[in-house]
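If you want our numbering, it's the position in the sequence shown, counting the first as 1, plus 2.
Every residue gets a Cβ at the ideal spot worked out from N, C-alpha and C, and that includes glycine.
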Amino acid sequence: MTHTEITVLNYTVNADVYARYGADFDAEAVNDEILRIVNAEAPAGVTVERNGKVLAEDHAIATARGFDWAGLLKRIDLDTILAEHGK
3 MTHTEITVLN YTVNADVYAR YGADFDAEAV NDEILRIVNA EAPAGVTVER NGKVLAEDHA
63 IATARGFDWA GLLKRIDLDT ILAEHGK
């Protein structure tokens, strides 16, 4: 089975976001949770790797290219994730 790279998705939380909250978080756990959600919501046959690469199986290439990745990231409840992963 062939996997085609579609794009690179910047799903990780930037340090300035953490600074706005003024608290200490387990950044790795936060990013892992976001990645888990992204992969759960991604179209069938599409996987987002830890490095952000979006890979699609042959049958899912067109779907992956047309998928609203930015919209998916906007729908993630970052406040809840941060609340669950504070130090």
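Buried or exposed: which applies to residue i, given that a residue is buried once 16 or more other Cβ atoms fall within 10 Å of its Cβ?
i	result
V10	exposed
A85	exposed
A46	exposed
A62	buried
Taking residue i as the reference, give the member of the options with the closest Cα.
i	options	result
N16	I8, H5, H61 and D28	D28
E7	K76, I78, T49 and V32	T49
Using the DSSP secondary-structure output, state which residues sit across from residue i in a beta bridge.
i	result
E7	L57
T49	L57
G88	F27
What first and last residue would you give for the alpha helix (DSSP H) that runs through residue i?
i	result
V19	A17 to Y23
N33	A29 to E43
I63	I63 to G68
What does a CB cutoff of less than 7 Å around residue i pick up in its chain, not counting 5 residues either side in sequence?
i	result
G54	V10, L11, N12 and Y13
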